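Q: Under my numbering, the first residue of the sequence shown is numbered 10, with each subsequent residue one higher. Note that beta-carbon positions come from the ideal geometry of N, C-alpha and C, so glycine has one too. Here the structure is a predicted model, which means the values were calculated and not measured. This is the structure I want to talk about, given as structure tokens.
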Amino acid sequence: MRRFNSQYQLFLMLILGGLIAACSSKKEEPASSAMTEKAGLQYQFAYEFYQRGDLVRALGASLEAKAESPKNIEIMNLLGLIYFRQGEFEKALAEFTEATTISPKAADVLNNMGTLYYQQRKYDLALETFDRALQNPLYLYPERIYNNIGLVYAAQGNIEMSRGSYEKAISLRPDYYLPYQNLAKLLISQNQLKRAKSLLLEAVNLCKGCSEPNYHLASTYLKEDKKERASEFYKKAYDVDPKGYYGMLAKKSLIDLGKMKDDE
Numbered sequence: 010m011r012r013f014n015s016q017y018q019l020f021l022m023l024i025l026g027g028l029i030a031a032c033s034s035k036k037e038e039p040a041s042s043a044m045t046e047k048a049g050l051q052y053q054f055a056y057e058f059y060q061r062g063d064l065v066r067a068l069g070a071s072l073e074a075k076a077e078s079p080k081n082i083e084i085m086n087l088l089g090l091i092y093f094r095q096g097e098f099e100k101a102l103a104e105f106t107e108a109t110t111i112s113p114k115a116a117d118v119l120n121n122m123g124t125l126y127y128q129q130r131k132y133d134l135a136l137e138t139f140d141r142a143l144q145n146p147l148y149l150y151p152e153r154i155y156n157n158i159g160l161v162y163a164a165q166g167n168i169e170m171s172r173g174s175y176e177k178a179i180s181l182r183p184d185y186y187l188p189y190q191n192l193a194k195l196l197i198s199q200n201q202l203k204r205a206k207s208l209l210l211e212a213v214n215l216c217k218g219c220s221e222p223n224y225h226l227a228s229t230y231l232k233e234d235k236k237e238r239a240s241e242f243y244k245k246a247y248d249v250d251p252k253g254y255y256g257m258l259a260k261k262s263l264i265d266l267g268k269m270k271d272d273e
């Protein structure tokens, strides 16, 4: 089992978005076989368990669904996502590969496969797979793919290509918060704090229930030695998700700033 780093946690959010897209995959191209009634019921159970983070029960229900409808790509995609989240990368890749062999234009599956390659630091394969996903003109969420491409280029140190990919994602869907956040993080690494703050403020407004953009916005204010503003957004990051990764980081920062006690 692999430990999840913060970047991986970010991608898990993208993957969950990809799963939502997968539920609409019939608009792109029909799956090779429809689900039986029993498979559909097990798939729904699996999806609900997955959303709640109950991966063991999600896996069990997905395997039952696949046993009933072994050639359905939506089931394979969900099963791949569950394996991915469990850190079973080879099993996840096997499911995604099987699905794309049956349905080569399944952009949602390709997006998830590209994300898997990214996590394995196989950046060239990730970019190639994301490009395959973009070849489907009927895919409903290309902004997600461009956001993911931006992350891969950032990991490669290609700042301009990363920035261009995030900007493309924003242009395709201005109400999608992730590329604002990720572009801001890129600009912070280049010490372009003013522009980064405006992007993070937009991300915070677009996703009021998200801890991460609040955390990064707070950290940006702290870089400018604006401790009160930093504390304000650290508090928001903590309040949104006190037990989550960025909520816990925000709590530590608030303790360091003397705004919270360790036992709170």
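If you follow the alpha helix (DSSP H) that residue 284 is in, where does it begin and where does it stop?
A: Past the edges of the chain, shown from 10 to 273, lies residue 284, and the structure says nothing about it.
Q: So, using beta-carbon positions, are residue 88 and residue 75 closer together than 9 Å?
A: On the sequence shown, position 79 is the one that residue 88 refers to. On the sequence shown, position 66 is the one that residue 75 refers to. Result yes, Cβ atoms of residue 88 and residue 75 sit closer than 9 Å.
Q: If you count every other CB in all the chains shown that lies within 10 Å of the CB of residue 222, and 16 or more means buried, which is it?
A: The residue given as residue 222 occupies position 213 in the sequence shown. It counts as buried.
Q: Suppose you measure from the CA of residue 171 to the CA of residue 179; what does that come to, to the nearest Å?
A: Sequence index remark: in the sequence shown, residue 171 carries index 162 (1-based). Sequence index remark: in the sequence shown, residue 179 carries index 170 (1-based). Between residue 171 and residue 179, the C-alpha separation is close to 13 Å.
Q: Is the number of C-beta pairs between the segment 96 to 105 and the segment 125 to 137 that are closer than 8 Å three or more?
A: Short answer: they touch.
Q: If I'm right that residue 240 touches residue 268 with Cβ under 8 Å, what's the distance once you round it to whole angstroms?
A: Residue mapping note: residue 240 aligns to position 231 of the sequence shown, counting from 1. Residue mapping note: residue 268 aligns to position 259 of the sequence shown, counting from 1. Correct: roughly 5 Å between the Cβ atoms.
Q: Please report the Cβ distance between residue 67 and residue 55, rounded to the nearest whole angstrom; I am assuming they are in contact, meaning their Cβ atoms lie under 8 Å.
A: Position 58 of the sequence shown, counted from the first residue, corresponds to residue 67. Position 46 of the sequence shown, counted from the first residue, corresponds to residue 55. The Cβ separation is near 5 Å, so the contact holds.
Q: Using the C-alpha atoms, what's the distance from residue 58 back to residue 64?
A: On the sequence shown, position 55 is the one that residue 64 refers to. On the sequence shown, position 49 is the one that residue 58 refers to. Straight-line Cα distance between these residues: approximately 7 Å.
Q: Could you tell me if residue 195 is buried or exposed, where buried requires 16 or more neighbouring beta carbons within 10 angstroms of its beta carbon?
A: Residue mapping note: residue 195 aligns to position 186 of the sequence shown, counting from 1. Answer is buried; the Cβ neighbour count reaches 16.
Q: For residue 186 versus residue 219, is the C-beta spacing smaller than 9 Å?
A: In the sequence shown, counting from the first residue as 1, residue 186 sits at position 177. In the sequence shown, counting from the first residue as 1, residue 219 sits at position 210. Yes, they are a contact pair.
Q: Select from 229, 212, 78 and 236 the residue whose C-alpha is nearest the C-alpha of residue 198.
A: As a working note, residue 198 is residue 189 in the sequence shown. Nearest C-alpha to residue 198: 229.
Q: Short of 6 Å in beta carbon distance, which residues of its chain neighbour residue 212, apart from the five on each side in sequence? Order them along the chain.
A: Translated into positions along the sequence shown, residue 212 becomes position 203. 186, 189, 190 and 222.
Q: Classify residue 31 as buried or exposed, calling it buried when 16 or more other Cβ atoms lie within 10 Å of its own Cβ.
A: Position 22 of the sequence shown, counted from the first residue, corresponds to residue 31. Legend: pLDDT at residue 31 = 39, less than 50; position of this residue unreliable, value from coordinates given subsequently. That one is buried.
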